[in-house]
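Written below as structure tokens is the structure these notes are about.
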Amino acid sequence: DLWACGDPIIDDRDGQSYNTVQIGAQCWMAENLNYGSMVHSSVIPSNNGIVEKYCLNDVATNCDIYGGHYMWDELMEYSTMESTQGICPTGWHVPSDAEWFTMENFVDPTIDDPTVTYYRGIDEG
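Residue numbers (our numbering): 69 to 193.
Right, here's the structure in full:
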């Protein structure tokens with residue numbers, strides 16, 4: 069079975085399906101990840117081996133609609149290494165700033181300085 073960008077991926081951990089999209093030469097997930105156990109917004113996730121996510125307004129079904137929301141350390145699985153897999157499905161990783169820049173520059177060529185940090189562009193996000 070050959071997989072091509074644009075085909076959905078199936079997360080082998082829980083069977084959830086995510087659409088993908090080709091942007092320039094890169095393949096991106098076209099939906100927010102929704103993996104892990106929901107915690108209340110007052111809880112601060114810890115490095116306990118359980119992927120903990122927040123759901124909008126602390127409503128579990130909102131994660132099904134919008135995806136999970138993750139604290140950075142949790143998303144990265146407490147790694148400080150750029151482009152780590154983190155909590156991403158097998159074969160995927162948290163994009164590096166350089167990968168974000170490549171995508172942003174493809175969408176809007178006026179975003180042409182990869183050394184700019186924080187926000188680049190006006191409304192590409």
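For every residue, glycine included, the Cβ atom is placed at its ideal position computed from N, Cα and C.
Need the endpoints of the alpha helix (DSSP H) that I133 sits in, please.
128-134
Would P113 be called buried (16 or more neighbouring beta carbons within 10 Å of its own) or exposed?
buried
For the beta strand (DSSP E) holding T88, just list the boundary residues, first then last.
88-91
One question on the structure: do Q90 and G74 come within less than 7 Å of each other, judged by their Cβ atoms?
yes
With distances taken Cα to Cα, identify the nearest neighbour of M149 among V184, D82, Y186, D165.
D165
Proximal residues to N116 (C-beta, below 7 Å), its chain only, five neighbours per side dropped:
none
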